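Q:
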Amino acid sequence: MFVDRPVGIDLGTTNSEVALLDPSERDLIVYADRFGRRTIPSAVAWDPKKEALLVGRAARNRRGREPGPIESIKRKMGRDERVQVGPHELTPEEVSAKILGELRDRMREHLQERSNGVEVRVARAVITVPAYFDAPQVEATRAAGELAGLEVLGVLQEPTAAAIYHTWRRQLGDGCFLVYDLGGGTFDVSILRCLAGEYQVLAIDGDNFLGGDDLDRRFAEHLRKALVERGYTLDLDVQSDAEDRARFQALVHLAQEIKESLSTSDVVAVNKQSVLEDQAGESVDYEAEIGRAEYEAAVGDLVETTLESCRRALAQSQEKAGVSIGDIDHVVLVGGSTRVPLVIRRVTEELCAKSKSEAPLQEEVDTCVALGAAVHAAQLGGLRLGHEGSQVCLRTPLVGRGDRIKLTVDVEEAPEGTRAVALLAGGAVLVEEAVSEVPTSVRLEAPLGPEPENPVELHLTGDDGEARGALGFALYRGDVRPRASSLSQPSVIAKDIALEVMRAGRRERRVLLSRGTGLPAEATHTFFTGDRSGAVVLRLLQNRLPIKTLMITIDKDVPVGSPVELALRCDEAMRLEARATVAGQELWANIEPARQKTPNAEEVEALLGRAEQAQHAVWGHDAHYYRREVEPLVTGIREVLATDPDKLSALCAKLEQLLDAVAGDEGALSPPMDRFEGVLDALRRTVFRQQGELLGMDHAQWEERIGDLMQRGLTAWADGDAGGWRRVYNEAQALQETASEQEFSRRKLDDPAYLTQRLLAALAYAKRVEHGLADFVPSNNDEVRALQVGERDRLLGALREKVTEPLSAMGAEEAPASTHAVRQRLDQIVGELDRIDAALERLPSLGLVTERSR
Amino acid sequence: MTWRAEDQRLLERLEDEALFEQVWRALAGTDDGAPHPRAAGVLVALREDAETRGLVEAARRGDMAGLLKALHRPDPARLAPRHAHHLALLWDRVADVLEPTHETGSVLARKHSLAMWAWLAAEPAYLEALAERVIDGALPPPEVGRAVQEAPLASLDRLGARALADANERGDRGRLALAALRLVPEACDDAGCGDELRRRLEARSRRHREAAVDAAIRRVDDRIEQSLIDHAPVAELVEHASEAAAIWQWAGRDEQVERFLVQRLTPALWDRYRERAWSDVAALLRPLQAPVESLAIRIESDPSKLAYAAPCAQIFVFMAEVASQFERQLALAERALLLCETHRNGRLVLADLLVERGLRRLDRAGVFGAGDALNDAAADIRRAESLFPQLKRLPAAKQRLKAKGVDLDA
Amino acid sequence: MPEPTDENPFERWGIDPEQGPAAITERMRELIEDATDEATQKAIRAAWEALTLHPARRLTAALGAHPDSHGVLGAAPPRPPRRAPSQVSLELRDLLARPSALAALGLEREAEAPLPEPTDPIVDPDG
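Protein chains in written order, with numbering that gives the first Met the number 0: chain G, 0 to 853; chain R, 0 to 409; chain P, 0 to 126.
Written as structure tokens, this is what we have:
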């Protein structure tokens with residue numbers, strides 16, 4: 000017989016852990032080696048002698064040797080690159096899969112020793128991820144689990160796992176938690192509420208590229224400068240020089256040692272010989288006394304960054320649930336880096352002091368994530384038992400306090416002829432339930448014996464009442480710890496999943512699955528085709544970053560406004576699927592976000608240059624967005640240019656996408672503000688030229704009227720109210736038309752001077768449209784680009800044929816036709832030009848769907 | 000066994016619930032969709048008020064008329080807040096249930112509900128006390144206050160959401176929601192609302208109607224845009240214009256749709272006009288007729304709406320140009336100028352038509368020599384000159400008039 | 000766009016609007032554990048969120064529910080001392096609890112009227 004209880008795995012940047020909730024629910028079992036060490040280093044290395052892969056401690060022990068270990072692979076998750084491990088080139092998820100495989104094997108051995116001969120399987124897992132991980136990173140993590148041969152039951156955010164552990168451990172039924180999770184490579188903050196044992200995730204924030212490693216790198220850089228001052232040659236280029244990278248890594252290890260010593264004492268005397276060899280080939284010794292203050296001065300701003308994240312998370316929870324810092328009952332510290340005294344002090348000052356929690360909770364900082372994940376894994380996966388053609392999964396807890404216990408049993412496999420499920424104790428049937436098909440789910444309610452542990456057997460019986468399969472397990476009497484029911488959905492979507500849509504001529508983001516939505520989640524939305532381009536372009540975004548573009552080619556005859564149904568589904572393992580249906584065609588896509596590429600030095604420079612230019616170009620709403628999103632990235636890139644290639648490429652990829660979003664003119668209302676101002680100006684001039692009253696209103700009344708329009712326009716603009724903006728704009732235009740009629744009615748339209756003036760204006764207009772077409776930057780998605788370029792070329796052709804050529808011909812005519820005929824032709828050409836201009840305006844949004852109801 | 004106060008309360012509750020079943024049937028015409036049993040609380044205030052107690056007793060005996068009247072027309076001066084709260088919710092439910100079968104009744108029921116919410120908004124103490132009991136300190140007082148202030152507007156928001164959700168399909172629920180939103184001023188009258196509250200309710204109602212209409216015309220807007228860019232056959236535009244006219248009906252002949260139609264289709268009309276495709280112009284004008292007429296009436300009766308005077312007048316000019324009868328042409332051109340007296344094309348077309356009539360009159364004057372006809376012709380040409388002095392046909396017309404002995408330049 | 004759901008969550012799930020989030024959660028958990036189809040579970044989860052996540056939403060939902068105009072039901076009637084079945088002798092007045100009904104028949108109640116031996120499981124929770 001085998002038992003299979005799903006485990007919880009914390010796949011960390013520096014260390015990883017694995018744990019399991021015992022079916023008695025009295026104990027959480029965390030894997031420990033024979034020295035009692037409960038973590039396994041997240042390191043993989045190649046042993047050239049044995050020609051074998053090493054994982055964990057053995058791999059880390061190769062630090063300083065050639066080839067050295069691969070560490071902090073979590074920072075590369077979701078990136079399109081490979082690392083060299085001996086003769087193998089592995090992707091980040093392959094490296095992670097080795098670590099996960101090691102955890103699974105160690106855990107299985109560990110459990111097998113305690114299992115009294117029953118086969119233990121470790122086949123299912125909940126894997127944790129930083130709450131603020133991006134979709135490609137989550138995707139890579141789940142893929143790693145699957146590569147390791149695990150069934151990934153769920154992906155759970157690390158802070159949530161920590162909160163689940165603390166509520167389980169302390170039997171807390173109610174309370175609000177702020178979980179501050181500073182791991183090796185990532186920082187997360189989550190705010191959770193536990194309500195009668197159920198969880199609500201109220202806020203998530205963090206930084207995927209800020210962790211203990213960053214503190215170390217920052218201090219390593221501080222040490223490097225100190226060594227340069229002492230005359231060593233250490234002008235390092237970590238981005239392109241492997242030796243320099245190794246030199247810096249040696250400094251990072253020294254920084255780590257100093258950090259650890261400073262956790263327990265205020266001053267540390269360092270005396271290290273031959274830390275590394277400098278670029279001149281000289282052996283570097285380091286001897287100094289370092290005080291905590293010096294260390295803290297070097298890394299203090301990084302810690303402040305984490306507190307800023309906490310404040311953002313609190314603002315979110317305030318909005319979502321009315322929970323502010325004063326409502327927080329427990330501030331929980333998670334992750335090895337929270338041992339840094341500065342972190343504890345600042346968290347106590349900034350968070351605990353304002354909350355109901357006097358001091359932060361700091362239990363099991365290294366393992367609480369795996370432990371919490373184990374509790375959640377038990378909830379999701381129950382206990383699977385199997386033996387020779389019989390397999391069942393016990394879904395509900397096997398612990399009870401009363402006289403009876405309710406069990407949900409999934410019969411997954413049963414021998415031929417199975418007709419019923421029976422629960423027996425000491426040979427006596429406690430309860431029996433008929434089974435008509437397999438697989439199926441049955442509910443049993445049985446008396447619970449008086450002993451702490453009551454052995455029972457589950458029989459799969461046939462018509463004859465004979466057991467065809469028998470599976471033994473135990474029911475336990477004991478306290479039922481708070482454990483969430485299916486009411487809770489502790490895994491949540493961390494960042495909005497949105498679609499780019501058109502609304503009232505404006506490109507907008509329509510959130511399809513909003514952050515904080517519990518998993519599994521699904522949403523179906525109906526949009527509409529907005530043009531007859533022959534394509535539907537569905538650009539999915541995570542927050543503002545594009546994660547996938549789906550393009551569906553449709554018949555050009557499909558009328559504008561035809562419904563486009565988009566169904567999105569995100570399961571517990573954060574696997575995202577989209578199904579789009581339009582005009583009888585269906586497109587199904589598993590959304591595997593594009594992997595991010597690593598930029599070179601020139602690309603980084605070019606990118607920073609672009610960021611600077613963009614800063615001057617944005618204003619209004621975008622400027623606010625720019626300050627909040629883009630500027631920290633630019634600062635971050637400058638900071639890590641010389642120290643951290645992984646983080647550099649991640650930040651660059653993010654910046655590039657954000658700049659694309661800003662350049663995409665997203666958020667601009669249509670028509671633009673200057674056109675509205677132009678209409679109002681023209682109106683003012685018209686009124687000014689009138690002597691006395693115009694249309695029954697004097698100048699003061701007109702001023703009031705125009706002021707009112709201006710005010711309404713500004714309000715709609717400031718609110719981003721696309722519909723309202725168009726209404727006011729149209730009204731202004733109509734009013735200008737009405738007001739100018741008086742002047743217009745006196746004008747001689749066929750006057751040659753006037754016609755010349757109009758011809759020149761038309762030429763200028765054509766020039767402007769031509770420039771607009773020439774300057775148009777097509778999308779970087781291949782399919783969409785082809786669509787846009789095709790349309791642009793068509794428009795350029797139409798412009799030439801129907802506008803510029805006829806206009807030049809008119810200008811060159813020696814014996815013009817009658818002025819009346821000239822006017823008619825001009826009118827006709829300007830009509831064409833209007834059409835081309837309107838088509839140009841739609842070029843960037845070609846194929847995008849439109850949304851109405853919101 | 001003693002008969003306790005709570006036993007009496009239980010008995011009353013059961014009796015009220017039994018009677019309420021009948022009340023519901025009378026209001027909704029069905030047993031379906033009955034509200035939560037607590038809705039029977041609507042009978043408590045009536046039972047406890049000496050003036051209405053008799054109505055409840057009569058209803059128990061089978062005579063529901065008085066009770067139903069009291070539910071339909073509660074006296075604002077004697078209303079108890081809790082009773083108003085029950086009524087607001089009850090009428091909302093009645094409106095929902097009547098929707099598919101009895102539209103007028105549904106909209107009226109909604110109006111009753113809105114009136115009760117409006118009445119409650121003016122009596123915040125009751126809602127505040129209820130909120131305090133529910134919230135029990137979980138929200139800071141200002142937020143409780145805000146929620147209480149918003150509660151009476153929540154039903155407008157619900158109606159707005161319905162209208163919006165139905166906008167694309169122009170569904171009945173959305174149409175009725177818009178109809179109910181238009182009744183907010185009447186509901187305010189019924190509730191005896193103060194000015195400030197009335198402004199808030201009317202503004203919210205307007206916002207929801209605008210949003211729904213916006214959503215409804217968006218598709219037509221996109222379609223027209225595409226057809227204009229493609230310079231598509233007129234039949235396509237006529238189809239879009241007819242769809243817009245249907246939206247106009249759905250939205251209760253909404254002004255926003257009228258404005259939209261006028262502004263959006265004018266460029267297409269000009270295109271066809273320049274191409275001298277008169278039948279196209281006429282076809283495109285057909286679906287616009289009723290909405291444009293409605294907009295014209297609005298502009299004529301409210302000088303503050305003058306913004307759309309010229310665009311609207313231009314449509315009348317187009318109509319005048321393609322009308323098949325001369326008198327109709329004249330009337331339409333006159334209508335254009337009535338809307339916007341300075342309208343260039345209106346003046347031009349009317350002047351041209353006046354000259355035409357003047358000349359026709361002159362022709363008649365030639366046959367019969369009638370002085371009246373000559374005078375009329377002179378008046379027409381004189382008016383044409385005052386409207387559009389540059390009119391090309393004018394000098395010749397004046398010449399002919401002069402030949403008949405009338406010199407307008409003298 | 001989903002249809003706006005107009006059913007008040009308090010009324011739909013039979014929850015007293017004056018209960019706090021913890022009590023609401025307990026009730027919703029019972030409901031979801033008994034629910035068998037996914038649609039109902041989803042609806043329960045949505046209602047739970049609406050009623051517990053933000054107090055303002057709970058308040059809005061409470062104001063949209065019919066108030067309780069009949070007052071609390073109060074405790075069940077006190078249980079009389081047990082007697083042996085042979086001691087029971089029922090009269091008309093024992094069956095008429097309502098004072099007005101007794102008065103109409105010209106009857107009066109005894110100080111402490113006996114009840115039958117509660118062997119009925121509905122009357123006797125311990126039975």
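Beta carbons: idealized from backbone N, C-alpha and C, even for Gly. Here the structure is a predicted model, which is why all the values come from computation and not from measurement.
Let me see if you follow: with CB-CB separation under 8 Å, is E56/R close to chain P or not?
A: By this cut-off, E56/R is not an interface position.
Q: Along chain P, which residues have their Cβ under 9 Å away from the Cβ of K319/G?
A: L52, H53
Q: Helix, strand or coil: how does DSSP classify T282/R here?
A: Note that residue 282/R is Ala in the sequence shown here, rather than Thr. A282/R sits in a helix when the DSSP states are folded into three classes.
Q: Which of the three DSSP states is assigned to F754/G in this structure?
A: Correcting the residue identity first, residue 754/G is Leu in this sequence and not Phe. Three-state result, L754/G: helix.
Q: At 3 residues or longer, what runs of the beta strand (DSSP E) sit wholly inside the region 421-469 of chain G?
A: 427-433, 439-446, 452-460
Q: How big is the Cα-Cα spacing for A55/P and A83/R?
A: 22 Å
Q: Helix, strand or coil: how does DSSP classify N729/G here?
A: Helix, per DSSP.
Q: Below 9 Å on C-beta distance, what does A61/P contact in chain R?
A: L129, A130, R132, V133, I134
Q: Given 7 Å as the limit, tell me if L474/G has its C-beta closer than that to any heavy atom belonging to the ligand ZN.
A: Annotation note on the ligand ZN: not contained in the displayed structure, which lists no ligands.
Q: Name the two residues that bound the continuous beta strand (DSSP E) containing F527/G.
A: 520-528
Q: Chain R beta carbons: is any one of them nearer than 8 Å to that of T737/G?
A: yes
Q: Alpha carbon to alpha carbon, what distance is there between A350/R and L390/R?
A: 7 Å
Q: Please classify P587/G as buried or exposed, where buried requires at least 16 neighbouring CB atoms within 10 angstroms.
A: The residue you asked about is not Pro; residue 587/G is Trp in the sequence shown. By the 10 Å Cβ count, W587/G comes out exposed.
Q: Measuring alpha carbon to alpha carbon, tell me which of R197/R, V143/R, S303/R ends up nearest W118/R.
A: R197/R
Q: For G19/P, return the contacting residues in chain R, with the cut-off set at a CB-CB distance below 7 Å.
A: D135
Q: Exposed or buried, W277/R, counting other C-beta atoms within 10 Å across all chains shown (16 or more means buried)?
A: exposed
Q: Along the alpha helix (DSSP H) that carries G141/R, what are the first and last residues, could you check?
A: Looking at the sequence provided, one finds Pro at residue 141/R rather than Gly. 140-165 is the span of the alpha helix (DSSP H), which, as asked, contains P141/R.
Q: For the region 813-844 of chain G, list every residue whose C-beta sits within 9 Å of some C-beta in chain R, in sequence order.
A: Q823, D826, Q827, G830, E831, D833, R834, I835, A837, A838, R841: these are the residues of the region 813-844 of chain G whose beta carbon lies less than 9 Å from some beta carbon of chain R, given in chain order.
Q: Starting from D67/P, find everything on chain R with Cβ-Cβ shorter than 8 Å and list it in chain order.
A: R37, G40
Q: Using the beta-carbon count (16 or more within 10 Å), is K68/R buried or exposed?
A: exposed
Q: At a CB distance below 7 Å, what residues from the region 179-200 of chain G approach chain P? Give them in sequence order.
A: L194, A195, E197, Q199
Q: List in chain order: all unbroken beta strand (DSSP E) runs of 3+ residues lying wholly within the region 8-35 of chain G.
A: 14-20, 27-29
Q: Leaving out the 5 sequence neighbours to the left and right, which residues in its chain are closer than 6 Å to C175/G when beta-carbon positions are compared?
A: R192, V322, D326, I327, D328
Q: With DSSP collapsed to three states, give me the class of Y272/R.
A: helix
Q: Which complete alpha helix (DSSP H) runs does the region 295-351 of chain G hold, if anything under 4 residues is left out?
A: Counting only runs that start and end inside the region 295-351 of chain G, the alpha helix (DSSP H) elements of at least 4 residues fall at 340-349.
Q: Going by CA-CA distance only, name the one from V536/G, A445/G, E521/G that's closest to L847/G.
A: V536/G
Q: For S204/R, report the span of its alpha helix (DSSP H) as first-last.
A: 194-229
Q: Is the CB of L126/R under 8 Å away from at least one CB in chain P?
A: True, the Cβ-Cβ gap to chain P drops below 8 Å.
Q: Where does D750/G land, buried or exposed, given buried means 16+ other C-beta within 10 angstroms?
A: exposed
Q: Name the residue from H819/G, N780/G, L640/G, N270/G whose alpha carbon lies nearest to the alpha carbon of S844/G.
A: N780/G
Q: Within the same chain, show all residues whose beta-carbon is closer than 7 Å to that of E185/R, passing over the 5 residues directly before and after it, in chain order.
A: K110
Q: What does a CB cutoff of less than 8 Å around I121/P pick up in its chain, not counting 5 residues either side in sequence?
A: Its pLDDT being 49, under 50, I121/P is placed unreliably in this model, and the coordinates cannot settle the point.
Q: Check whether chain P comes within 8 Å of P388/R, counting only Cβ atoms and requiring the distance to be less than that.
A: no
Q: Against Q741/G, what residues of chain R qualify as contacts under a CB-to-CB distance less than 7 Å, listed in chain order?
A: T341
Q: Is it buried or exposed, I296/R, if we count other Cβ atoms within 10 angstroms and call 16 or more buried?
A: exposed
Q: When you compare the CB positions of A38/R and L89/R, do they come within less than 8 Å of one another, or not?
A: yes
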